[in-house]
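Report on the structure given below.
Protein chains: 2
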Amino acid sequence: MSYNHTLIRHIERIAPLSEAERISILTAFHPRELEKKEILLFRGDISRHMRFIAKGCLRAYYLDDSGQEHILQFGIEGWWVNDLYSYLTQTPAEYFVQAVEPTTVLQIRRDELERLFEKVPPMERFFRIKMQRAYVALQERTVKGMSQTAEQRYIEFREQYREIEQRVPQYMVASYLGVTPEHLSAIRKKITS
Amino acid sequence: MSYNHTLIRHIERIAPLSEAERISILTAFHPRELEKKEILLFRGDISRHMRFIAKGCLRAYYLDDSGQEHILQFGIEGWWVNDLYSYLTQTPAEYFVQAVEPTTVLQIRRDELERLFEKVPPMERFFRIKMQRAYVALQERTVKGMSQTAEQRYIEFREQYREIEQRVPQYMVASYLGVTPEHLSAIRKKITS
DNA sequence: CGAAAATTTGACATGACTCAACTGGAGTGG
DNA sequence: CCACTCCAGTTGAGTCATGTCAAATTTTCG
Chain L
191 MSYNHTLIRH
201 IERIAPLSEA
211 ERISILTAFH
221 PRELEKKEIL
231 LFRGDISRHM
241 RFIAKGCLRA
251 YYLDDSGQEH
261 ILQFGIEGWW
271 VNDLYSYLTQ
281 TPAEYFVQAV
291 EPTTVLQIRR
301 DELERLFEKV
311 PPMERFFRIK
321 MQRAYVALQE
331 RTVKGMSQTA
341 EQRYIEFREQ
351 YREIEQRVPQ
361 YMVASYLGVT
371 PEHLSAIRKK
381 ITS
Chain S
191 MSYNHTLIRH
201 IERIAPLSEA
211 ERISILTAFH
221 PRELEKKEIL
231 LFRGDISRHM
241 RFIAKGCLRA
251 YYLDDSGQEH
261 ILQFGIEGWW
271 VNDLYSYLTQ
281 TPAEYFVQAV
291 EPTTVLQIRR
301 DELERLFEKV
311 PPMERFFRIK
321 MQRAYVALQE
331 RTVKGMSQTA
341 EQRYIEFREQ
351 YREIEQRVPQ
361 YMVASYLGVT
371 PEHLSAIRKK
381 ITS
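Sequence order for the protein chains is L and S.
Each residue of the first sequence is one higher than the one before, counting from 191 in the working numbering.
Each residue of the second sequence is one higher than the one before, counting from 191 in the working numbering.
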């Protein structure tokens, strides 16, 4: 139950709720516990739920032709992580979503969420704004990926996602930044000197 | 008027319209002619319109601290190009939008589009789907930018955007791919041999 | 404690950038 | 219609950023 309050708190930062709306939301979401390394969504599966992280840490990653992982997104408490396209279009996912730590997600089936949008308008507003932010964050990342060196990207990552850096292994940070673990290690050495 | 039919045709590929709806749409959009190199949106301005390209070609680009341009998106007939975040939140734009060729856009003010969404539901559906596709395309680009060499990215760009490659100068393709014009030139030489 | 995983280190290879010079073609003014 | 200029594109030399590979070291965790 306290987990659900995490959800409510995050929604209310963006859109205030009445007591009745809070209850509608709380009853619509269902918790799911994940072990460390457990995979929540496999490539090829259809993403049928929208998922909030109540506690823990997830990552979404792409597996390229040569078997290399490329992390698209991390998420911690208050974030929603998904293969959004798979969810929206009900087509097979291109990405994996995996727990980096023991994690609790609150999930809701797509049709239930659609009904919740009708019943609780602030919920729709909350999602629209989250979606916009996700899009902008992705745009910024694309541009930065083109215009900055790995060292600059790492420095900014540390500033922007201090907490995430402390919670995920370094090789995942490297994967997120698009460099090899060895190179990130060299960057760190250079910076701290 | 024939320009407007381009718009209708593109919408109807995604969402069919009644005759009344077609008229509502046609009267809501206003054409604007742009000369080659004319800038449609400056960084720092607020993007007040949603814009369809009826004819021509636009690019959205970011100007980094060292004055370098980085192209985020090209658009030709049937695409909508914007600083979406600026438009959605009515905050200053981070990107420039400029005509690569003489271009005709059909634009609509934000409040008018919102009203049109209410009046013509297929229009909202059309935009939602376009937005999803934009998000996915951006995600794919981010991943590819991390996992592929410039040569691979160029080869895929040619396949995917054959028409755009033929219409924009090579140095813009380089900027889109995140490489220098010299390097792209070298890649081309290598490939065609 | 011991095994497995993560990180570091260093030597070397390659991808990509910088800079400068050159080439060729598209305007433009006389 | 020519000569000139300007801009895009090419070329090559040298350099820097990043990747690869293998091994050593440290950390994590059963």
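The C-beta atom is built at its ideal place from N, Cα and C for all residues, glycine as well.
Since we're looking at a predicted model, the values are computed, not measured.
First through last residue of the alpha helix (DSSP H) which encompasses residue i
{"i": "GLY236 (chain S)", "result": "Per the sequence shown, residue 236 (chain S) should be read as Ile rather than Gly. Per DSSP, ILE236 (chain S) belongs to no alpha helix (DSSP H) and is neither H nor E."}
{"i": "ARG203 (chain L)", "result": "Counting along the chain, ARG203 (chain L) falls outside any alpha helix (DSSP H), and DSSP gives it neither H nor E."}
{"i": "TYR351 (chain S)", "result": "TYR351 (chain S) -> no alpha helix (DSSP H), and no H or E assigned at all."}
{"i": "VAL363 (chain L)", "result": "360 to 367"}
{"i": "SER383 (chain L)", "result": "No alpha helix (DSSP H) contains SER383 (chain L), which DSSP labels as neither H nor E."}
Cβ of residue i within 7 Å of any chain L Cβ
{"i": "THR370 (chain S)", "result": "no"}
{"i": "VAL326 (chain S)", "result": "yes"}
{"i": "GLY335 (chain S)", "result": "yes"}
{"i": "ASP301 (chain S)", "result": "no"}
Where the beta strand (DSSP E) containing residue i begins and where it ends
{"i": "GLN263 (chain L)", "result": "259 to 266"}
7 Å Cβ cutoff, residue i in contact with chain S
{"i": "GLY246 (chain L)", "result": "no"}
{"i": "THR281 (chain L)", "result": "no"}
{"i": "THR339 (chain L)", "result": "no"}
{"i": "LEU278 (chain L)", "result": "yes"}
{"i": "MET362 (chain L)", "result": "no"}
{"i": "GLN350 (chain L)", "result": "no"}
{"i": "HIS260 (chain L)", "result": "yes"}
{"i": "TYR251 (chain L)", "result": "no"}
{"i": "TYR275 (chain L)", "result": "yes"}
{"i": "GLN288 (chain L)", "result": "no"}
{"i": "THR217 (chain L)", "result": "no"}
{"i": "THR332 (chain L)", "result": "yes"}
{"i": "GLN322 (chain L)", "result": "yes"}
{"i": "ASP235 (chain L)", "result": "no"}
Rounded C-alpha distance that separates residue i from residue j
{"i": "ARG343 (chain L)", "j": "VAL326 (chain S)", "result": "23 Å"}
{"i": "ILE243 (chain S)", "j": "GLU202 (chain S)", "result": "16 Å"}
{"i": "LYS309 (chain S)", "j": "THR294 (chain L)", "result": "41 Å"}
{"i": "GLN360 (chain L)", "j": "PHE219 (chain S)", "result": "51 Å"}
{"i": "ARG199 (chain S)", "j": "GLY335 (chain L)", "result": "36 Å"}
{"i": "GLN350 (chain S)", "j": "LEU367 (chain S)", "result": "13 Å"}
{"i": "LYS379 (chain L)", "j": "GLU372 (chain L)", "result": "11 Å"}
{"i": "ALA283 (chain S)", "j": "GLU225 (chain L)", "result": "42 Å"}
{"i": "LEU253 (chain S)", "j": "THR332 (chain L)", "result": "13 Å"}
{"i": "PHE316 (chain L)", "j": "TRP269 (chain L)", "result": "12 Å"}
{"i": "SER365 (chain S)", "j": "GLU228 (chain L)", "result": "39 Å"}
{"i": "PRO292 (chain L)", "j": "GLN322 (chain L)", "result": "28 Å"}
{"i": "GLY234 (chain L)", "j": "GLU346 (chain S)", "result": "23 Å"}
{"i": "ALA250 (chain S)", "j": "GLU304 (chain S)", "result": "24 Å"}
{"i": "PHE232 (chain L)", "j": "ILE261 (chain S)", "result": "33 Å"}
{"i": "ILE319 (chain L)", "j": "LEU274 (chain L)", "result": "15 Å"}
{"i": "GLN280 (chain S)", "j": "SER276 (chain L)", "result": "29 Å"}
{"i": "GLN258 (chain L)", "j": "ILE377 (chain L)", "result": "21 Å"}
{"i": "THR217 (chain S)", "j": "GLU314 (chain L)", "result": "29 Å"}
{"i": "GLY246 (chain S)", "j": "ARG238 (chain S)", "result": "21 Å"}
{"i": "VAL369 (chain S)", "j": "VAL271 (chain L)", "result": "31 Å"}
{"i": "ALA289 (chain S)", "j": "ILE354 (chain L)", "result": "40 Å"}
{"i": "GLU267 (chain S)", "j": "ARG241 (chain S)", "result": "11 Å"}
{"i": "LEU306 (chain L)", "j": "GLU211 (chain L)", "result": "9 Å"}
{"i": "PRO221 (chain L)", "j": "GLN297 (chain L)", "result": "6 Å"}
{"i": "THR196 (chain L)", "j": "GLY265 (chain L)", "result": "15 Å"}
{"i": "ILE381 (chain S)", "j": "GLN356 (chain S)", "result": "17 Å"}
{"i": "GLU341 (chain S)", "j": "ARG352 (chain S)", "result": "16 Å"}
{"i": "LEU248 (chain L)", "j": "GLN329 (chain S)", "result": "17 Å"}
{"i": "LEU207 (chain S)", "j": "VAL358 (chain S)", "result": "33 Å"}
{"i": "SER383 (chain L)", "j": "ILE236 (chain L)", "result": "47 Å"}
{"i": "ASP403 (chain S)", "j": "GLU209 (chain S)", "result": "Lying outside 191 to 383, the shown extent of chain S, residue 403 (chain S) is not represented and no answer is given."}
{"i": "SER375 (chain S)", "j": "PHE286 (chain S)", "result": "26 Å"}
Where residue i sits in the DSSP three-state scheme
{"i": "TYR275 (chain S)", "result": "helix"}
{"i": "GLU225 (chain L)", "result": "coil"}
{"i": "ALA283 (chain S)", "result": "coil"}
Residue i CB to nearest heavy atom of the ligand MN below 6 Å
{"i": "ALA364 (chain L)", "result": "Among the ligands in the structure shown, none appear at all, so the ligand MN cannot be discussed."}
Uninterrupted alpha helix (DSSP H) stretches inside the region 285 to 328 of chain S (no shorter than 4 residues): The alpha helix (DSSP H) runs lying completely inside the region 285 to 328 of chain S and spanning 4 residues or more are 300 to 309, given in chain order.
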